[in-house]
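Let me begin by presenting the structure, written as structure tokens, before commenting on it.
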Amino acid sequence: MNFYEHTIIARQDTSPSQIKQIQDKYSKIIENNDGNIVKYESWGLMHLSYLIKKNKKGNFLHFKIEGNGKTIKELEKNEKIDKNLLRFLTVKVKKLDLETDYFKKTEDMEKK
110 MNFYEHTIIA
120 RQDTSPSQIK
130 QIQDKYSKII
140 ENNDGNIVKY
150 ESWGLMHLSY
160 LIKKNKKGNF
170 LHFKIEGNGK
180 TIKELEKNEK
190 IDKNLLRFLT
200 VKVKKLDLET
210 DYFKKTEDME
220 KK
């Protein structure tokens with residue numbers, strides 16, 4: 110089994126319930142294709158570097174996956190036809206970093 114980090118950018122006008130549905134939909138696809146979700150992170154609504162399909166912001170969802178090529182192929186095939194998604198990216202990694210939360214707000218940031 111290989112390790113992958115998979116990030117999805119959903120449209121900015123997606124409601125929290127729709128975000129949950131997107132998460133559930135792609136989690137089931139991963140698990141039905143011999144994959145395992147090691148960690149899921151919702152990074153929230155963030156600014157995009159440039160306009161994508163007339164959107165300035167996007168909801169970021171990040172999966173850390175253990176699976177094979179078939180899992181990723183099926184996942185990306187379904188994402189290409191989903192109108193709620195702006196972009197997706199899959200990166201194969203040697204090992205997963207499970208400790209670091211890059212977009213989690215710390216107490217120091219909240220005090221400023």
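The opening residue of the sequence shown carries number 110 in the working numbering; numbering runs sequentially from there. Think of the CB as a built atom: it goes at the ideal place given N, C-alpha and C, for glycine as much as any other residue.
To the nearest angstrom, how far is it from the Cα of residue i to the Cα of residue j?
i, j, result
"MET155", "GLU175", "26 Å"
"ASN111", "LYS148", "15 Å"
"ILE128", "LYS162", "18 Å"
Buried or exposed, going by whether 16 or more other CB atoms sit within 10 Å of the CB of residue i?
i, result
"GLU219", "With a pLDDT of 49 at GLU219, under the threshold of 50, the modelled position of that residue is not reliable, and no figure is offered here."
"PHE172", "buried"
"TYR135", "buried"
"ILE190", "exposed"
"LEU207", "exposed"
Check whether the Cβ atoms of residue i and residue j lie closer than 8 Å to each other.
i, j, result
"GLN132", "LEU170", "yes"
"SER113", "THR199", "The sequence as given places Tyr at residue 113; Ser does not occur at that position. Taking 8 Å as the Cβ cut-off, TYR113 and THR199 qualify as a contacting pair."
"LEU160", "GLY167", "no"
"LEU194", "ILE117", "yes"
"ASN142", "LYS179", "yes"
"ASN164", "GLN121", "yes"
"TRP152", "PHE197", "no"
What are the boundary residues of the beta strand (DSSP E) that residue i is part of?
i, result
"ILE190", "That residue, ILE190, is in no beta strand (DSSP E); it is neither H nor E in DSSP."
"LEU158", "The sequence given here has Ser at residue 158, not Leu. Segment 145–161, the beta strand (DSSP E) holding SER158."
Could you spell out the range, first to last residue, of the alpha helix (DSSP H) harbouring residue i?
i, result
"LYS134", "125–141"
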